[in-house]
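Enquirer: Quick note on the numbering used here: the sequence shown kicks off at 151 and runs consecutively. Backbone N, C-alpha and C define an ideal beta-carbon position, used for all residues, glycine too.
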Amino acid sequence: RLELRPLPDADVTRLVRALEARPLPDATVRRIVERAEGNAFYAEELVAATGTPADGVPSGLADVLLIRVEQLSETAQQVLRTAAVAGRRVGHEVLREAVGLPED
């Protein structure tokens with residue numbers, strides 16, 4: 151197990167700017183940096199989940215996950231819903247059959 155300290159805000163800001171597919175307003179970048187609390191992975195997910203500047207930054211991890219799931223295809227969403235009901239571990243074959251996907 152490796153314990154990582156939070157990144158300084160300046161480093162998270164540089165990361166967010168490097169990840170931007172389009173320029174984000176400074177206020178949006180600041181909100182992402184604040185919400186990420188030094189967590190690079192969370193900062194990356196917040197950038198990906200931030201739509202247009204008018205949409206704003208998702209307020210929490212649950213919102214980020216919901217936005218990311220909604221971006222998936224309907225089939226992928228069905229697989230996720232089925233896996234969630236199945237519990238912590240489910241075999242690929244069982245999941246494939248439960249969702250009704252072809253073998254290939």
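What does the alpha-carbon distance come out to for the pair L196 and H242?
Expert: One-based indexing of the sequence shown puts residue 196 at position 46. One-based indexing of the sequence shown puts residue 242 at position 92. L196 and H242: Cα-Cα distance of roughly 30 Å.
Enquirer: Rounded to whole angstroms, what's the CA-CA distance from L154 to S209? Just pull it up for me.
Expert: If you number the sequence shown from 1, residue 154 lands on position 4. If you number the sequence shown from 1, residue 209 lands on position 59. Answer to the nearest angstrom: the Cα atoms are 24 Å apart.
Enquirer: Near V240, which residues of its chain fall below 7 Å by C-beta distance, leaving aside the five closest residues on each side in sequence?
Expert: Counted from its first residue, the sequence shown places residue 240 at position 90. Hits under 7 Å: A233.
Enquirer: Cα separation between L211 and D254?
Expert: Indexing the sequence shown from 1 puts residue 211 at position 61. Indexing the sequence shown from 1 puts residue 254 at position 104. Those two C-alpha atoms are separated by around 34 Å.
Enquirer: A177 and A186 - do their beta-carbons sit closer together than 8 Å?
Expert: On the sequence shown, residue 186 is found 36 positions in, with the first residue counted as 1. On the sequence shown, residue 177 is found 27 positions in, with the first residue counted as 1. The answer is no: Cβ separation not under 8 Å.
Enquirer: The alpha helix (DSSP H) with D161 in it runs from where to where?
Expert: Translated into the one-based positions of the sequence shown, residue 161 becomes position 11. Looking at the DSSP string, the run of the alpha helix (DSSP H) that includes D161 is 159-169.
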